[in-house]
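To start, the structure under review is shown below, and the notes come after it.
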Amino acid sequence: MVKKIPIGPFHPILEEPEFFELHVDGERVVGIDMTIGWSHRGIELLSEHKTWDQVPFLVERICGICSCSHPFAYVKAVEDLCGVEPPLRAQLIRVIAAELERLHSHLLWTGLAGHFLGYNTVFMWTWRFREPVLDVLEAVTGNRNHYAVMKPGGVRRDIPQEEIPNILKMLDNVEKENTLLTKAILDDPVIHARTKGVGIFNKEQCRLYGALGPTARSAGYDIDARRDHPIDAYDKVKFDVILCEHGDVFDKAVVRQLENFESIKIIRQCLKLLEDTKPGDICTEIREVPPGEGFGMYEAPRGEVFHYVRSNGGNMPLRHKVRAPSFNNILTNEVSVLGNTVADAGLITAAVDPCYSCTERMGVVDRRDGSRRILTEADLVRLSHEKTEEIRKRIAADRGNG
Amino acid sequence: MEREEVKKRIAEKFGAKVTIAERSPKRVYVYAENEIWTDLARFLFNDLDARFDTGAAVDDRDGVEVMFFFPFDKEHYFVTIKTFAAKPNPTLNSISPFIPGAKWIEREMFEMYEVNFRNHPDLRPLLRSDGRPADYYPAKREVKDSHETVRERDDGETRADETAGKAPKGKNP
Amino acid sequence: MSLALKALKKSPWVFHVNTGACNNCDIEILDCLTPRFDVERFGVLLVGSIRHADVLLISGPVTQNILPRLKRLYEAAPRPIKVVAFGACGCRCGIFRDGYNVVGPIDKYIPVDAYIPGCPPKPETIISGIVKVLNQL
Chain B
15 MVKKIPIGPF HPILEEPEFF ELHVDGERVV GIDMTIGWSH RGIELLSEHK TWDQVPFLVE
75 RICGICSCSH PFAYVKAVED LCGVEPPLRA QLIRVIAAEL ERLHSHLLWT GLAGHFLGYN
135 TVFMWTWRFR EPVLDVLEAV TGNRNHYAVM KPGGVRRDIP QEEIPNILKM LDNVEKENTL
195 LTKAILDDPV IHARTKGVGI FNKEQCRLYG ALGPTARSAG YDIDARRDHP IDAYDKVKFD
255 VILCEHGDVF DKAVVRQLEN FESIKIIRQC LKLLEDTKPG DICTEIREVP PGEGFGMYEA
315 PRGEVFHYVR SNGGNMPLRH KVRAPSFNNI LTNEVSVLGN TVADAGLITA AVDPCYSCTE
375 RMGVVDRRDG SRRILTEADL VRLSHEKTEE IRKRIAADRG NG
Chain D
5 MEREEVKKRI AEKFGAKVTI AERSPKRVYV YAENEIWTDL ARFLFNDLDA RFDTGAAVDD
65 RDGVEVMFFF PFDKEHYFVT IKTFAAKPNP TLNSISPFIP GAKWIEREMF EMYEVNFRNH
125 PDLRPLLRSD GRPADYYPAK REVKDSHETV RERDDGETRA DETAGKAPKG KNP
Chain P
98 MSLALKALKK SPWVFHVNTG ACNNCDIEIL DCLTPRFDVE RFGVLLVGSI RHADVLLISG
158 PVTQNILPRL KRLYEAAPRP IKVVAFGACG CRCGIFRDGY NVVGPIDKYI PVDAYIPGCP
218 PKPETIISGI VKVLNQL
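Protein chains in written order, with the numbering used here: chain B, 15 to 416; chain D, 5 to 177; chain P, 98 to 234.
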């Protein structure tokens, strides 16, 4: 007998509201129906009424965590349209800001994943490690979250020379802390038991569903917009693309953890390259945007962000299309949730790091008599915690026997 | 697959039904007629092994221009396929039966521009709220102008600057 | 002061709603709970259900889709409930003011007791806002 569990649209922990309807047979999930649009604000239409220079401030408010990636993709689209390249120093500053963002975003996800599993210690620790990254971002760009660093043709603020030692010091600390965290995740038997083999999404499905970012790379689907379509300074730095093969939740976490080290590597190289450039040379002026179209993409923490702009030669975009990575990635839940238990469903839907937030209330509707049982979101988290607790006990018992 | 090779193979297969243009070494455009549109997408995705990225629609006076982006990641360039769905009632064949990743973007185009995708497995609006009428297509030219409401200040006066700053209506090409 | 109110002041439980914000406000709220800022030392706790909440923290402009849910949520809240509009969008819709799907700021639909401005508000601002709300009680 198939029951439907609505989850949504509010959720106390994560971001945008989203509505899932899980179709369950006993404990197993046999289908899912997703409704989005709760925080649809009509940004694409709004940006048709903003000038080219105003749009970056609008697009960085699409998502608070990707608030460097969206403007990055947008300014690349405008530069593609105009055929200009920013000066080297501006390119490096863009890359530094974007990689700092990736660092804090991945740490944020690890913390939230820990919370979902019932490891609030992980949550507290990672978010504490994340604070110095935000401090550096504040020092470099002037704000903790909405950085406002991008501008068509360059960047808005230079990085002062005296900040660089602070950034390097922070990187050293974060590298140490990230090593500790990675080891902790790789060693923990409970995390293994909870996440391995859960929510599998294989390589062929990734291709069909257009999965992006860590979701795709965890399944061995080798895409990374930073390497494949190098923009700005990314062809001047060396980094590895992290790949795993199983595509389960564990691999997604591992990919994110290891990508942090790559980000640190990229920032260090950029800071080194920054020494040879002239301070203050941070913008190529764009006098006029010609009629035509252009698109730009950037590998955000969650996957490839895609912006398309069409101009009629005026001072505002005629059309501005935004494709956030979660748009493709959330669709993958359609496959990856199937066959798993309800207790795992929350974890799987969270594992693609969606800009999503589901609910605190779920009602179980019995199709046969239409009766309704209301569960709270707390129950969903509790289910997840109980499962972790069970596994923990079982592992402890096994150790006792062994 | 290299750019020239891809262009050659598309030209061989579809002949006069497509027009191939190149804006820069990283941007290849293929304009297709409506009837071979899905065949072109399938050819790119299945035979030439491109990745499906996303789609976009641009509303024009006589129709809706629909495009899909197919990046070739190893060779660092994009192939954009475009077609033009004429008004009234723009209708196209859907590509989601063989590319499930296109499901949502086609739903979004349907919702915003009223492009009907034939053979789509589940063509419902993606973002529309329950409170809106079923035939409300917010991004269509005719509807878009009605969004520009004159706002009132907190003291009750109309804000002149908010209406004066808008783009002139009907001047877009 | 009744006993219940006195207890409430010692430990206000917060329920957080996103009505279409860019989730930066939400992240900053969570940030407040973590070791650097740690509002839990004032007894502030984020809860998973509106039925347990003393403070309703709302971030974001209200979108057309979310409006009926927001009203229902407010009706379901136990009294007394303090409503806090969070962030520039929560206070005056911010940059999304002209969006076609945005129906207006929160105080147009439900009574608001406190506003915390900023895009996003810094954690220090949030703490100061919480203290002000507690003093209102």
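Here a beta-carbon is modelled for each residue, glycine too, at the ideal position from N, C-alpha and C.
ASN162/P: contacting residues in chain D (beta-carbon distance under 7 Å):
Result: SER133.
Can you check whether the CB of ILE155/P is closer than 8 Å to the CB of PHE183/P?
Between PHE183/P and ILE155/P, the C-beta gap is smaller than 8 Å, which places the two residues in contact.
So is LYS144/D in contact with chain B if we call contact Cβ pairs under 8 Å?
No, no contact with chain B.
For LEU345/B, which of helix, strand or coil comes out of DSSP?
The answer is helix: DSSP assigns LEU345/B an H, G or I state.
Taking the alpha helix (DSSP H) that TRP139/B belongs to, which residues open and close that run?
Taken as a continuous stretch (DSSP letters only), the alpha helix (DSSP H) holding TRP139/B covers 134-155.
Between the segment 315-337 of chain B and chain D, which residues of the former have CB atoms less than 8 Å from a CB of the latter, in chain order?
Listed in sequence order: GLU318, PHE320, TYR322, ARG324, ASN326, GLY328, MET330, LEU332, ARG333, LYS335 and ARG337.
Under three-state DSSP, which class holds PRO339/B?
Collapsing the DSSP output to three states places PRO339/B in a helix.
Tell me which residues share the same chain as LYS144/D and place their Cβ nearer than 7 Å to its Cβ, disregarding the 5 neighbours each side in the sequence.
So the list reads ASP63, TYR117 and GLU118, once near-sequence residues are dropped.
Coil, strand or helix - ALA359/B by DSSP
Of the three classes helix, strand and coil, the one that applies to ALA359/B here is helix, per DSSP.
Which word fits VAL228/P, buried or exposed, when buried means at least 16 other C-beta atoms lie within 10 angstroms of its C-beta?
VAL228/P comes out exposed.
is_contact[VAL154/D, chain B] using C-beta, thresh 8 Å:
Note that VAL154/D has pLDDT 49, beneath the 50 cutoff, so the model's placement of it is unreliable and the number below is only indicative. False, the Cβ-Cβ gap to chain B never drops below 8 Å.
Look at the alpha carbon of ALA164/D and the alpha carbon of LYS148/D, and state the distance between them as a whole number of angstroms.
With a pLDDT of only 45 at ALA164/D, under 50, the local geometry of the prediction cannot be trusted, and the value read off the model is given with reservation. The straight-line gap from Cα to Cα measures roughly 20 Å.
Where ILE19/B sits in the DSSP three-state scheme
Strand, per DSSP.
List the residues of chain P whose Cβ lies closer than 7 Å to the Cβ of LEU72/B, in chain order.
The contacting residues are ILE192.
Along the chain, where does the beta strand (DSSP E) that runs through ASN128/B open and close?
The sequence given here places Gly at residue 128/B; Asn does not occur at that position. Annotation for GLY128/B: no beta strand (DSSP E) segment contains it, though the alpha helix (DSSP H) segment containing it runs 102-131.
So, is the C-beta of ILE99/D closer than 8 Å to a C-beta in chain B?
With 8 Å as the cut-off, ILE99/D does not count as an interface residue toward chain B.
Just checking: is the beta-carbon of TRP141/B within a distance shorter than 8 Å of some beta-carbon in chain P?
At least one CB atom of chain P sits nearer than 8 Å to the CB of TRP141/B.
Under 8 Å between the Cβ atoms of THR135/B and GLN271/B?
Cβ atoms of THR135/B and GLN271/B: not closer than 8 Å.
State the Cα-Cα distance for the pair GLU318/B and SER340/B, rounded to the nearest angstrom.
Their Cα atoms are separated by approximately 9 Å.
Which residues, taken in chain order from the segment 104-125 of chain P, show a beta carbon closer than 8 Å to some beta carbon of chain B?
Going along the segment 104-125 of chain P in chain order, one finds PHE112, HIS113, VAL114, ASN115, THR116, GLY117, ALA118, CYS119, ASN120, ASN121, CYS122, ASP123, ILE124 and GLU125 with a Cβ nearer than 8 Å to chain B.
Could you have a look at VAL379/B and say whether DSSP puts it in helix, strand or coil?
Its pLDDT being 32, under 50, VAL379/B is placed unreliably by the model, and nothing is read from it.
Between the alpha carbons of HIS160/B and SER119/B, how many angstroms are there, rounded?
Each residue's alpha carbon lies about 13 Å from the other.
Give a yes or no on whether 8 Å exceeds the smallest Cβ distance from PRO165/P to chain B.
Closer than 8 Å: no.
Comparing C-alpha positions only, which one of VAL70/D, GLY135/D and ARG136/D sits nearest to TYR423/B?
The structure shown has nothing for residue 423/B, since chain B only spans 15 to 416.
State the Cα-Cα distance for the pair ILE147/P and LEU117/B, rounded to the nearest angstrom.
Taking the straight line joining both Cα atoms gives about 33 Å.
Could you check if ALA314/B is buried or exposed, using at least 16 other CB atoms within 10 Å of its CB as the buried criterion?
So ALA314/B ends up on the buried side.
State the CB to CB distance for the pair THR155/B and VAL147/B, rounded to an integer number of angstroms; the pair is presumed to be in contact (CB under 8 Å).
With 8 Å as the limit, THR155/B and VAL147/B do not qualify as a contact, their Cβ atoms being about 12 Å apart.
Ignore the nearest five residues each way along the sequence and tell me which others in LYS11/D's own chain have a CB closer than 6 Å to its CB.
Result list for LYS11/D: ILE24, in chain order.
Closer than 7 Å by beta-carbon distance: list the chain B residues that pair up with VAL62/D, in chain order.
Within 7 Å Cβ-Cβ: ARG324 and ARG333.
GLU115/D versus LEU131/D: straight-line alpha-carbon distance, rounded
In a straight line, the C-alpha of GLU115/D is about 8 Å away from that of LEU131/D.
So is PRO174/B buried or exposed if we call it buried at 16+ other beta carbons inside 10 Å?
Counting Cβ neighbours within 10 Å, PRO174/B comes out exposed, since fewer than 16 surround it.
For TYR223/B, three-class secondary structure by DSSP
Correct three-state label for TYR223/B: helix.
Residues bridged to SER325/B [DSSP beta-bridge criterion]:
Residue pairing by DSSP places SER325/B opposite GLY306/B and PRO331/B in a beta bridge.
Roughly how many angstroms separate the alpha carbons of PHE121/D and VAL209/P, rounded to a whole number?
Rounded to whole angstroms, PHE121/D to VAL209/P spans 45 Å at the Cα level.
Starting from the C-beta of LEU185/B, find all residues in its chain whose C-beta is less than 7 Å away, skip the five residues before and the five after it, and write them out in chain order.
Excluding residues up to 5 positions away in sequence, ILE278, ILE281 and ARG282 lie with their Cβ nearer than 7 Å to the Cβ of LEU185/B in the same chain.
Does the CB of GLY174/D have a neighbour CB from chain P at under 8 Å?
The pLDDT assigned to GLY174/D is 46, lower than 50, so where the model puts this residue is not dependable; a value taken from the coordinates is nonetheless given after this. For GLY174/D, the nearest beta carbon of chain P is not closer than 8 Å to its own beta carbon.
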